[in-house]
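Numbering (this note's numbering), first residue to last: 12 to 243. A virtual CB, placed ideally from N, CA and C, is assigned to each residue, including glycine. Note that this is a predicted model, so its numbers are computed, not measured. To start, the structure itself, in structure tokens.
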């Protein structure tokens with residue numbers, strides 16, 4: 012679990028409602044995300060914001076986080092009251108912590124990163140070829156049906172990737188990597204929405220926006236892959 016206070020990160024009260032948490036996240040995401048071109052854009056800050064929102068938006072994870080936080084506060088308070096009391100065998104903690112962190116990382120790689128990355132490849136890589144095929148005649152029913160089948164497959168793979176991503180908490184030491192992965196999934200979802208709108212009305216603006224969102228997603232995925240090579 013990250014050492015950051017998720018409530019402070021999202022600038023909300025610990026008693027904030029789900030709606031208040033979602034509103035705070037949207038405001039901060041627009042402010043700090045690197046692709047926003049805002050003067051306050053910050054990779055590390057948006058990673059913290061995404062990590063905090065992933066925990067606080069889920070009632071079960073939020074409850075677990077609150078319990079952990081309250082326990083830590085109580086333990087810290089007790090420790091301050093017991094200042095001067097020797098703590099035997101404290102030298103073993105770093106080794107145990109490192110081992111636990113490594114196990115957590117390997118589980119996340121196997122259960123989350125690998126299957127999600129596979130889904131991303133099957134969604135993002137075929138887009139250029141699919142659009143090229145459709146461009147032969149966008150008004151051809153068979154070509155459009157093939158493109159819609161591709162988008163339908165993308166939607167199913169995305170939903171599967173999102174479920175997998177949320178199934179296991181990411182290790183704190185790769186929070187920024189997980190944040191990029193999370194944002195990649197979000198961009199893909201928006202991109203699919205726009206590409207589907209194009210198939211209904213043939214408005215090229217939707218096609219352009221969808222392709223751009225997929226381009227950003229591909230860039231984020233490449234950054235994730237580069238970061239994971241350094242970790243692995």
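(request) Could you have a look at residue 179 and say whether DSSP puts it in helix, strand or coil? (result) Shown here, residue 179 sits in coil according to DSSP, grouped into three states, outside any helix or strand.
(request) My understanding is that residue 192 touches residue 176, with C-beta atoms under 8 angstroms, so please give their C-beta distance in whole angstroms. (result) Approximately 7 angstroms separates the beta-carbon atoms of residue 192 and residue 176; this is inside 8 angstroms, confirming the contact.
(request) State the DSSP-derived secondary structure class of residue 149, mapped to helix, strand or coil. (result) Residue 149: coil per DSSP, three-state reduction.
(message) On the DSSP letters alone, give me the boundaries of the alpha helix (DSSP H) that residue 200 sits inside.
(response) 186-212 is the span of the alpha helix (DSSP H), which, as asked, contains residue 200.
(message) Given this structure, state the Cα-to-Cα distance separating residue 238 from residue 61, to the nearest angstrom.
(response) Computed Cα separation, rounded: 17 angstroms.
(message) Since residue 200 and residue 169 should fall inside the 8 angstroms C-beta cutoff, what is the C-beta to C-beta distance between them, to a whole number of angstroms?
(response) With 8 angstroms as the limit, residue 200 and residue 169 qualify as a contact, their Cβ atoms being about 6 angstroms apart.
(message) What does the alpha-carbon distance come out to for the pair residue 111 and residue 180?
(response) The alpha-carbon separation between residue 111 and residue 180 amounts to approximately 14 angstroms.
(request) Mark residue 76 as exposed unless 16 or more other C-beta atoms lie within 10 angstroms of its C-beta, in which case mark it buried. (result) The Cβ neighbour count for residue 76, taken over all protein chains shown within 10 Å, is at least 16; the residue is labelled buried.
(request) Tell me where the alpha helix (DSSP H) around residue 24 begins and ends. (result) It is not in any alpha helix (DSSP H) - residue 24 carries neither H nor E in the DSSP assignment.
(request) Report the three-state DSSP secondary structure of residue 68 (helix, strand or coil). (result) Of the three classes helix, strand and coil, the one that applies to residue 68 here is coil, per DSSP.
(request) Flag this pair as yes or no: are the beta carbons of residue 217 and residue 206 separated by less than 8 angstroms? (result) The answer is yes: Cβ separation under 8 angstroms.
(request) Look up residue 78 in the DSSP assignment and say whether it is helix, strand or coil. (result) In this structure, residue 78 counts as helix in the three-state DSSP scheme.
(request) Please classify residue 165: is it buried, with 16 or more other beta-carbons within 10 angstroms of its beta-carbon, or exposed? (result) Classification for residue 165: buried.
(request) Thinking residue 131 and residue 172 are a contact (beta carbons under 8 angstroms), I'd like their distance in whole angstroms, please. (result) With a Cβ gap of about 7 angstroms, residue 131 and residue 172 count as contacting.
(request) Classify residue 2 as buried or exposed, calling it buried when 16 or more other Cβ atoms lie within 10 Å of its own Cβ. (result) Coverage of the chain is limited to positions 12 through 243, which leaves residue 2 absent and any answer about it impossible.
(message) Taking the alpha-carbon of residue 123 as reference, which of 140, 174, 154 and 157 has the nearest alpha-carbon?
(response) The residue from 140, 174, 154 and 157 with its alpha-carbon nearest to that of residue 123 is 174.
(request) Work out the CA separation of residue 134 and residue 227 for me, nearest whole Å. (result) When rounded, the distance between both Cα atoms is 13 angstroms.
(request) Specify, as a first and last residue, the run of the alpha helix (DSSP H) that residue 230 falls within. (result) Boundaries of the alpha helix (DSSP H) around residue 230: 215-242.
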